[in-house]
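Here the structure comes first, spelled out in structure tokens, and everything after it is commentary.
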Amino acid sequence: MTSTGEDADRLNRCVAAAESGGDLALESFRSELAVDTKRGPMDAVTEVDRAVQRHVFDGLRAEYPDDPVVGEESDASKRVPDDGPAWVVDPIDGTTNYASGNANWVTSVAFCRDGEPVAGANYAPVTGDLYAAGPGRATRNGESASPSTTTDPEAFLVNPLFGTSPDHRRELHAAAGTVLSSFGDLRRFGCAQAALSGVACGELDAAVSTVELHDWDTAAGVCLIREAGGVVTDVHGDRWVPGATGLLASGGAAHDELVASFGPSSD
1 MTSTGEDADR
11 LNRCVAAAES
21 GGDLALESFR
31 SELAVDTKRG
41 PMDAVTEVDR
51 AVQRHVFDGL
61 RAEYPDDPVV
71 GEESDASKRV
81 PDDGPAWVVD
91 PIDGTTNYAS
101 GNANWVTSVA
111 FCRDGEPVAG
121 ANYAPVTGDL
131 YAAGPGRATR
141 NGESASPSTT
151 TDPEAFLVNP
161 LFGTSPDHRR
171 ELHAAAGTVL
181 SSFGDLRRFG
191 CAQAALSGVA
201 CGELDAAVST
211 VELHDWDTAA
221 GVCLIREAGG
231 VVTDVHGDRW
241 VPGATGLLAS
251 GGAAHDELVA
261 SFGPSSD
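Right, here's the structure in full:
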């Protein structure tokens, strides 16, 4: 059994690590960068990504040497274990934005226990926005976060969450069609954690995906939405967990409409 104090310590560490890593990344923002690619021409990585991840990993391991740390740019495990504690780090979520000088990127740090995100922070250094969540609380810049209460799907602003692989792009094409035919309008930030943070605060009505997403793209944002009072499920409407097929996130008022629209066909 963990204490409230321990949970608060983990949240504080998420915040400190996200802010420290984000400030380090900000030092090189809109400077000349060498940009590499990983799985395709739209899957960018820079030396700043790697440097920020090393910086955050070193800080977490110094304080919690026995805890696994999962990160996007790591050669080690890229999955949150089903049992025990784990940290999840995305040094720059939205690297393509970052490399092109677009301000929409965040540094994300989450803490998971037994596969569930229980604390997390998303820090957007360019705007100074800090989104943080732990048991019973979710905030944006220290103020309580509240998701949208919109009940009319035709008034929904929806952000599709997909990667750049051919399979993801095919699924994105279908999802975008569903948003434009059945919901209000589409937004695509190019930064999953920014979109999930936006759902937690009511800046967006929903974020949706029909494919499995990486743990570092989701853990902190899922924690934010749930602690703010929103709902996050897989495409079947079951509670989302790392490794689930799809992710549907909303304030909850019309979540069944998302499941009906983006879930598997009943045929």
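Numbering follows UniProt numbering, with no gaps: position 229 of the sequence shown is 229.
Just so it is clear, CB atoms sit at the ideal spot from N, CA and C, and this is done for glycine as well.
Asked, Found
"With distances taken from CA atoms, which of 14, 13, 219, 205 is nearest residue 252?", "205"
"Decide if the segment 247 to 264 is in contact with the segment 196 to 213; the criterion is three or more beta carbon pairs, one per stretch, under 8 Å apart.", "yes"
"Give me whichever residues DSSP pairs with residue 120 in a beta bridge.", "110, 133"
"So, does the segment 121 to 132 touch the segment 217 to 229, judging by three or more C-beta pairs under 8 Å?", "yes"
"How many angstroms separate the CA atom of residue 1 from the CA atom of residue 137?", "Its pLDDT being 44, under 50, residue 1 is placed unreliably by the model, and nothing is read from it."
"Between which two residues does the alpha helix (DSSP H) harbouring residue 157 extend?", "Counting along the chain, residue 157 falls outside any alpha helix (DSSP H), though it belongs to the beta strand (DSSP E) covering 157 to 160."
"Any idea what DSSP makes of residue 20, helix, strand or coil?", "helix"
"Can you have a look at residue 254 and say buried or exposed, based on whether 16 or more other CB atoms are within 10 angstroms of its CB?", "buried"
"From the DSSP secondary-structure annotation, give me the bridge partner or partners of residue 48.", "Answer by DSSP bridge pairing: none, since residue 48 is not bridged."
"Which term fits residue 267, buried or exposed, when burial requires 16 or more other beta carbons within 10 angstroms of its beta carbon?", "Confidence is the limiting factor: at residue 267 the pLDDT is only 38, short of 50, which leaves the residue's position unreliable and the question unanswerable from this model."
"What number of angstroms, rounded off, separates the C-alpha of residue 87 from the C-alpha of residue 140?", "21 Å"
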